[in-house]
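Quick note: the working numbering has the sequence shown finishing at residue 365, numbered continuously throughout. Think of the CB as a built atom: it goes at the ideal place given N, C-alpha and C, for glycine as much as any other residue.
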Amino acid sequence: MTFLPNTLRQQGIEVLLLTDLLTQTLDVADAKAWLLDTQISDYRLGPTFAADIRAWLADMPHRELARHLSGGLTYGEIPASIKNMVVDTHDINDFIMKPLPNHLFTRDTSCWIYNGVSINPMAKPARQRETNNLRAIYRWHPQFAGGDFIKYFGDEDINYDHATLEGGDVLVIGRGAVLIGMSERTTPQGVEFLAQALFKHRQAERVIAVELPKHRSCMHLDTVMTHIDIDTFSVYPEVVRPDVQCWTLTPDGRGGLKRTQESTLVHALETALGIDQVRLITTGGDAFEAEREQWNDANNVLTLRPGVVVGYERNIWTNEKYDKAGITVLPIPGDELGRGRGGARCMSCPLERDGI
10 MTFLPNTLRQ QGIEVLLLTD LLTQTLDVAD AKAWLLDTQI SDYRLGPTFA ADIRAWLADM
70 PHRELARHLS GGLTYGEIPA SIKNMVVDTH DINDFIMKPL PNHLFTRDTS CWIYNGVSIN
130 PMAKPARQRE TNNLRAIYRW HPQFAGGDFI KYFGDEDINY DHATLEGGDV LVIGRGAVLI
190 GMSERTTPQG VEFLAQALFK HRQAERVIAV ELPKHRSCMH LDTVMTHIDI DTFSVYPEVV
250 RPDVQCWTLT PDGRGGLKRT QESTLVHALE TALGIDQVRL ITTGGDAFEA EREQWNDANN
310 VLTLRPGVVV GYERNIWTNE KYDKAGITVL PIPGDELGRG RGGARCMSCP LERDGI
């Protein structure tokens, strides 16, 4: 995992690590108490056992506690002095707190859009606790608490029901426009809430919403499409088929949304960016090689600046197409990371960028 942060630092980018931010947030007493209350529920563990576990975790060094908040906790790891019927009826390898193996994909749990952040209600139960860690960081970490930025959506401690949103579906494409994929994780309901907040705070002029196939190989927009230069997108061809549904949302002047059906996604992008023709670089190789490289996140590159991206070195066909198109690829190893279904873009959450 050091390959990506090291590559970013070599490009002059300041890198903040999630584990460090979470550890530092736990130094704030209110943050630690809130996280322990949300992660160790009386209703899941029972009131007496939950209280004992919270008290034990509260006395733990914060680096170790942060490790448990992301890596989980088993019954076999707690002190023998904590006795309870709940303990007696579980195996030592059962989880008190389940691990969050997808927490490395920091793109999804929050996303910064112009002068604010969306703290995203995740679609799958396996990832929903990740958002609580981010809520705590943005509320209490000294670098963010009281900061001059807007929280658009997702910071309230409520049930968001079907209004789910994940950052891998959100592309900030500039000129006051945001592109959002409606995938198996991000719903139209979530898109509407975010769009209304962006318009309310005058942070965007339009939101382009595109419908994606609801299957795992296309779980987020950025697994099939990313913005790699001012006028250029990396794309898996299935996304730009003429029959793909696409809408542009704009303010209706009364606090609501005006919806316009677009003829094609490409046309919507060209209109939003004010250019005559969007350049598309499709996944490389023949049909079989392109399908394999899309699965291996060839399109999920992290754009550091226009025309410079970070991506997995294994995707040789697509990387060659990038090179021929004048896009510089900074390669990182990814044979094992790719098994988690995410690339360099998925593993990063840009907080601040220069304007273009």
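(message) Just verifying my parser: in three-state terms, what is the DSSP assignment at A132?
(response) Coil at A132, not helix or strand.
(request) Have a look at D231 and E193 and give me their C-alpha separation to the nearest angstrom. (result) 13 Å
(request) Please confirm if the stretch 320-338 is in contact with the stretch 293-312, defined as three or more CB-CB distances below 8 Å between the two stretches. (result) yes
(message) According to DSSP, is S79 part of a helix, a strand, or is it coil?
(response) helix
(request) Identify whether H236 lies in helix, strand or coil by the three-state DSSP scheme. (result) strand
(message) Threshold first: 4 residues or longer. Then list the alpha helix (DSSP H) segments lying entirely within the stretch 199-263, N to C.
(response) List check, alpha helix (DSSP H) in window: nothing returned.
(request) Determine the direct distance from the alpha carbon of G190 to that of V216, and round the result to whole angstroms. (result) Taking the straight line from one Cα to the other gives about 10 Å.
(request) Could you please give the first and the last residue of the uninterrupted alpha helix (DSSP H) stretch that includes T280? (result) Start and end: L274 to L282.
(message) Between the alpha carbons of W326 and I341, how many angstroms are there, rounded?
(response) Taken atom to atom, the span from the alpha-carbon of W326 to that of I341 is near 15 Å.
(request) Would you decide whether T57 is buried or exposed? Buried here means 16 or more other CB atoms lie within 10 Å of its CB. (result) exposed
(request) Spell out a yes or no on whether the stretch 205-212 and the stretch 116-127 are touching, meaning 3 or more CB-CB pairs, one atom from each, closer than 8 Å. (result) yes
(message) Using C-beta distances below 7 Å, list every residue in its chain close to E251, excluding the 5 sequence neighbours before and after it, in chain order.
(response) Reading off the sequence shown, one finds Pro at residue 251, where the question assumed Glu. Shown here for P251: same chain residues with a beta carbon closer than 7 Å to its own, the five before and five after excluded, namely T273 in chain order.
(request) May I have the straight-line CA-CA distance separating P110 from L78, to the nearest angstrom? (result) Across the structure, P110 and L78 are spaced so that their CA atoms are roughly 11 Å apart.
(message) Which of the three DSSP states is assigned to G176 in this structure?
(response) In this structure, G176 counts as helix in the three-state DSSP scheme.
(request) Classify I237 as buried or exposed, calling it buried when 16 or more other Cβ atoms lie within 10 Å of its own Cβ. (result) buried
(request) Report yes or no: do three or more beta-carbon pairs, one from the stretch 91-102 and one from the stretch 55-73, lie closer than 8 Å? (result) yes
(request) Specify, as a first and last residue, the run of the alpha helix (DSSP H) that A299 falls within. (result) A296 to W304
(request) Report yes or no: do the stretch 141-157 and the stretch 36-46 share at least 3 C-beta pairs separated by less than 8 Å? (result) yes
(message) Spatial neighbours of C120 within its chain, please: C-beta separation below 6 Å, excluding the five flanking residues on both sides.
(response) S127, G176 and V179
(message) Quick check on this structure: which residue in Y161, A89, A277 and I290 has the alpha carbon closest to the alpha carbon of E201?
(response) Looking only at Y161, A89, A277 and I290, the smallest Cα-Cα distance to E201 is reached by Y161.
(message) Taking 8 Å as the cut-off, does the stretch 148-157 touch the stretch 17-37 (at least 3 CB pairs, one atom from each stretch)?
(response) yes
(request) Could you have a look at P342 and say whether DSSP puts it in helix, strand or coil? (result) Coil at P342, not helix or strand.
(request) Please report the Cβ distance between L188 and V219, rounded to the nearest whole angstrom; I am assuming they are in contact, meaning their Cβ atoms lie under 8 Å. (result) 7 Å
(request) Would you kindly work out how many angstroms separate the C-alpha atoms of V233 and A89, rounded to a whole number? (result) In a straight line, the C-alpha of V233 is about 49 Å away from that of A89.
(message) Need the endpoints of the beta strand (DSSP E) that K107 sits in, please.
(response) Looking at the DSSP string, K107 is not in any beta strand (DSSP E), and its letter there is neither H nor E.
(request) Let me know the secondary structure DSSP gives A353 once reduced to three states. (result) coil
(request) Between the Cα of N15 and those of Y52, A353, L360 and T291, spot the shortest distance and give me the residue it belongs to. (result) Answer by Cα proximity: A353.
(message) In whole angstroms, give me the CA-to-CA distance for D100 and R76.
(response) 22 Å
(message) Going by the DSSP bridge assignment, what does G190 pair with across the sheet?
(response) V219
(request) Give, in chain order, every unbroken run of the alpha helix (DSSP H) that is at least 4 residues long and sits entirely within the stretch 34-94. (result) 38-48, 51-54, 56-67 and 71-80
(message) Counting C-beta neighbours from all protein chains within 10 Å, is the total for I49 16 or more, i.e. buried, or is it exposed?
(response) buried
(request) Take D117 and list the residues in its own chain whose beta-carbon comes closer than 6 Å to its own, dropping the five residues that flank it on each side. (result) Excluding residues within five positions, the ones whose Cβ falls inside 6 Å are E175, G176 and G177.
(request) Taking G259 as the reference, give the member of K330, I22 and A186 with the closest Cα. (result) Before going further, note that residue 259 is Thr rather than Gly in the sequence given. Among K330, I22 and A186, the Cα nearest to that of T259 belongs to A186.
(request) Check L360 in the structure and name its three-state DSSP category. (result) coil
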